[in-house]
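Protein sequences appear in the order of chains A and B. Residues in the first sequence are numbered consecutively from 1456, following the numbering used here. Residues in the second sequence are numbered consecutively from 15, following the numbering used here. Here a beta-carbon is modelled for each residue, glycine too, at the ideal position from N, C-alpha and C. Data block below; observations after.
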Amino acid sequence: MSSAAEPTPAVPTPGDPVLEVRGVTKRFGALVVLRGIDLVLREGEVLGLVGDNGAGKSTLVKILSGFHQQDGGDVLVAGEPVRFNSVQHARTHGIETVYQDLALIPQLPVYLNLFLGHEITRVGALRFLDKREMRKLARQYLDEIHVRVPSVEAEAVQLSGGQRQAIAVARAVRAAPKILLLDEPLAAMGARESRLIIDLVKDLASSGRVSIIVIDHNYAHLFELCDRINVMQGGRIVRDQPVHETSLEDLTQLMITSYRQQIDDVASAGA
Amino acid sequence: MASSAPTETAAPVETPPGQQHQARSLGLRVLRVFLYQREVTPILITVGLFVYFSIRAGSTFTDSLSLSSAAGYAGPIGAIAVGQVLLLVLAEIDLSAGQVFLFTPWVEYWLHNLGVPLGLSIALALLVACGVGAVNGLITVRLNVPSFVTTLAMNFILFGLVLIYSNQTQATPIPLSSSGGFWSHLMGAWQWSEILWVLAITIVMTVVLNRTRFGVRIVATGGNPVGAAEAGVPTRRVKVWCFVLCSFLSGLVGIVDAVKYGSLDPGNFGVDYILYAVGACVIGGTALTGGRGTVVGAFIGAILIGILEDGLTLIGVSTNDFYVWVGVVIIFAMALNVQFDRLIARSRAA
């Protein structure tokens, strides 16, 4: 984790690839979802993934996070080919995922949510919780990554959607992953809430500790967050551009064209 | 799960100036106690009932004979309820726990009759109880059979086994029940020993649920099974252990209860017990939605039912009224639980 890229201004210096996807394919029954994906994520980079519903973004992320297995092609983490058979397996390779469905336990306080699965306990067979220590560390940690919650003792159910998502991201990052996958982290969130998460992710990215792939539908958000954007269409990546070479208009135009194309396809298939 | 419903973004609470604010914050603080300490409401009701019956029936209610009979009603219910709470927090249920309560002393009795030393036959009987729990748990998590069905079936199986191997005749005398001495008194012959066993179990299980890693994992598994599993909680194992624990606790107090009464009746049906026990959990502040529950509340719920039964009998009300009242209290308590859960979800942490 020490070889982090310097926090970079407008033009990021391309680091070594931490994650490479080569010709990955996936089908569900007769439905071909991924038709040969090639993708590179470099160290300290934030890569945005856009595309219509059904373009295969979520499927790709689920393969990278170990939830699904690819049918063909290779995934390389730090240059080594891997094939994940579970989320846990992906985790051991330093890949953490935050899903759009919130992963917190509503009835547990923030600090226990942060430590869930890695609880701090005092010695002894009964594993008594060291709540004081966990509260303290949770406060410190959340301060450190600039996540504000009313209290670490508030139950997750009492937080706003944005705060909950921030805690979910914070928990994923606490595991010190090399690669963080965010599947629509801003879905169903208001402007202020989105701000919270965008700032958090930008913060994480600039710390250079982690490389991030973000799926989102909001181009403005992605432009703000990402170093590079990949556009997916019909199970392929059709465009790969640094953000500073892409304009919002370009992207919108591209998506509209693809959308028209699809409508035409459907129409001609029906005819 | 109720809390997965979309929660509206609550407007920030305005702070009214001066006295109004103080009065309101006091009100809020009192409300918070009721919201988060679910035992408070049933404790108040129990105390209220106690006072009411003391006034109506006087010393016939408050003397030790009456109170020990209230404890006698509450003991079995409490024992089963305390283990049951763990499963309700998991959004599971164990309908066989009442039958395990009845079945375990039979196993002890049979083993002892076969010449197994008493201590060993108790230990083996408890092991059998744990085995029943493990089977309940494994069938539930491995075969994905709803625990309602798994344990309902287990209830019938155990009931049948008792009928078959008892030749439908009562078992008496139960070892320890009339021998006198320390062990006999400890294991149930003393009128208060059963309820004290239940109290001790309540304290231990409260600590387990609130202060240990296992407890957090129970809440996590019940509150959001997918999220908990993603975070690395072994949710299936947690569930199986809770079934084992519930059976063990029911079996343990079942043995104490058998010593207390000195005989075993094969015709006793576990479902009679389990329904009271679930009622006690609900009265104590545990909704059946998962993620929340209180062990102390379950104990209080059992005490409440015990006092209600004893008190109503003493003031000369027919036992039929007792059932009506239990029903009313359960519905009232459940409505309160659900509303309290919603209030917590709506209140934004300040």
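Minimum Cβ-Cβ distance from residue i to chain A less than 8 Å
| i | result |
| --- | --- |
| B/I358 | yes |
| B/E244 | yes |
| B/N238 | yes |
| B/R52 | no |
| B/A71 | no |
| B/G241 | yes |
| B/R306 | yes |
| B/S39 | no |
| B/S198 | no |
| B/E22 | Because the pLDDT at B/E22 is just 35, under 50, the model does not fix this residue reliably, and the value given afterwards should be weighed accordingly. So, not an interface residue. |
Partner residues on chain B for residue i, Cβ-Cβ distance less than 9 Å
| i | result |
| --- | --- |
| A/F1583 | V221, R225, T226, R227 |
| A/T1576 | T226, R227 |
Residue i at chain B interface by Cβ criterion, 8 Å
| i | result |
| --- | --- |
| A/V1542 | yes |
| A/V1612 | yes |
| A/L1515 | no |
| A/A1675 | no |
| A/P1467 | For A/P1467, the pLDDT reaches just 46, beneath the cut-off of 50, and the residue's location in the model is therefore unreliable, leaving the point undetermined. |
Assigned exposure category for residue i - 16 Cβ within 10 Å defines buried
| i | result |
| --- | --- |
| A/G1573 | Correcting the residue type first, residue 1573 of chain A is His in the shown sequence and not Gly. Exposed. |
| B/G32 | The predicted position of B/G32 is uncertain, since its pLDDT is 47 and thus under 50; a value taken from the coordinates is nonetheless stated next. Looking at its Cβ environment, which holds fewer than 16 other Cβ atoms inside 10 Å, B/G32 is exposed. |
| A/H1699 | exposed |
| B/T327 | buried |
| B/L357 | exposed |
| A/Q1524 | exposed |
| A/S1513 | buried |
| A/I1718 | exposed |
| B/H126 | buried |
| B/S192 | exposed |
| B/Q182 | exposed |
| B/Q113 | buried |
| A/P1536 | exposed |
| A/Y1554 | buried |
| B/G2 | Missing from the structure shown is residue 2 of chain B; chain B here goes from 15 to 364 and no further. |
| A/S1723 | exposed |
| A/R1587 | exposed |
| B/W197 | exposed |
| A/Y1566 | buried |
8 Å contact criterion, which residue i and residue j should meet: CB distance rounded
| i | j | result |
| --- | --- | --- |
| B/V267 | B/F115 | 7 Å |
| B/L109 | B/I288 | 5 Å |
| A/R1626 | A/N1568 | 7 Å |
| A/P1640 | A/V1669 | 7 Å |
| A/H1676 | A/I1711 | Not quite, the Cβ-Cβ distance comes to about 19 Å (not below 8 Å), so this is no contact. |
| B/V309 | B/T165 | B/V309 to B/T165, Cβ: 20 Å. No contact. |
| B/K274 | B/G202 | 4 Å |
Cross-chain neighbours of residue i in chain A, by beta carbon under 9 Å
| i | result |
| --- | --- |
| B/A234 | I1560, Q1562, L1563, L1567, N1568, L1571, G1572 |
| B/L311 | One point to set straight first is that residue 311 of chain B is Gly, not Leu, in the sequence displayed. Near B/G311 there are no residues of chain A at all, since even the closest Cβ is about 15 Å away, more than 9 Å. |
Where residue i meets chain B, residues with beta-carbon distance less than 7 Å
| i | result |
| --- | --- |
| A/T1547 | Neighbours of A/T1547 on chain B: none; closest Cβ ~11 Å, over 7 Å. |
Per-residue contacts from residue i into chain A (C-beta, under 7 Å)
| i | result |
| --- | --- |
| B/S361 | Q1613 |
| B/V247 | L1571, G1572 |
Cross-chain neighbours of residue i in chain A, by beta carbon under 8 Å
| i | result |
| --- | --- |
| B/V230 | L1563, L1567, L1571, E1574, L1584 |
is_contact[residue i, chain C] using C-beta, thresh 8 Å
| i | result |
| --- | --- |
| A/L1659 | As a matter of chain content, chain C is missing from the structure shown, whose protein chains are A and B. |
| Are the segment 1568 to 1585 of chain A and the segment 217 to 231 of chain B in contact at 8 Å, needing three or more beta carbon pairs? | Contact holds: three or more Cβ-Cβ distances are below 8 Å.
| Given 8 Å as the limit, is there contact between the segment 76 to 84 of chain B and the segment 230 to 237 of chain B, that is, 3 or more CB pairs closer than that? | No: fewer than three Cβ pairs fall under 8 Å.
| Do the segment 241 to 253 of chain B and the segment 80 to 94 of chain B touch if we need at least three Cβ pairs shorter than 8 Å? | Counting Cβ pairs under 8 Å, fewer than three are found: no touch.
| the segment 1685 to 1692 of chain A touching the segment 1502 to 1510 of chain A, judged by at least three CB pairs closer than 8 Å | Touching, yes, given that three or more Cβ pairs across the two stretches are closer than 8 Å.
| Cβ contact (3+ pairs, closer than 8 Å) linking the segment 175 to 188 of chain B and the segment 140 to 155 of chain B | Touching, no.
| Any contact of the segment 272 to 289 of chain B with the segment 155 to 164 of chain B, i.e. 3+ C-beta pairs under 8 Å? | Note that the segment 272 to 289 of chain B does not touch the segment 155 to 164 of chain B; fewer than 3 beta-carbon pairs, one per stretch, sit closer than 8 Å.
| With a cut-off of 8 Å, do at least 3 Cβ pairs link the segment 1582 to 1590 of chain A to the segment 1663 to 1681 of chain A? | The segment 1582 to 1590 of chain A makes no contact with the segment 1663 to 1681 of chain A; the number of CB pairs closer than 8 Å stays below 3.
| Is there contact here, the segment 329 to 346 of chain B with the segment 92 to 105 of chain B, by at least three beta-carbon pairs under 8 Å? | With a cut-off of 8 Å, the segment 92 to 105 of chain B and the segment 329 to 346 of chain B do not count as touching, because too few Cβ pairs lie within range.
| Does the segment 299 to 313 of chain B come close enough to the segment 206 to 220 of chain B that 3 or more CB-CB pairs lie under 8 Å? | Yes: at least three Cβ pairs fall under 8 Å.
| query | Any chance the segment 1542 to 1550 of chain A sits against the segment 1491 to 1503 of chain A, with 3 or more Cβ pairs inside 8 Å? | reply | Between the segment 1542 to 1550 of chain A and the segment 1491 to 1503 of chain A, the count of Cβ pairs shorter than 8 Å is below three; the stretches do not touch.
| request: Check whether the segment 1556 to 1565 of chain A touches the segment 1602 to 1618 of chain A, taking contact to mean three or more Cβ pairs, one atom from each stretch, closer than 8 Å. | output: Under the three-pair Cβ rule at 8 Å, the segment 1556 to 1565 of chain A counts as touching the segment 1602 to 1618 of chain A.
| task | Determine, using beta-carbon pairs with one atom in the segment 1599 to 1607 of chain A and one in the segment 1618 to 1625 of chain A, whether at least three such pairs fall under 8 Å. | result | Contact between the segment 1599 to 1607 of chain A and the segment 1618 to 1625 of chain A is present, because at least three Cβ pairs lie under 8 Å.
| task | Could you tell me whether the segment 36 to 53 of chain B touches the segment 343 to 358 of chain B, using the rule of 3 or more Cβ pairs below 8 Å? | result | Judged by Cβ distances under 8 Å, the segment 36 to 53 of chain B makes contact with the segment 343 to 358 of chain B, as three or more pairs qualify.
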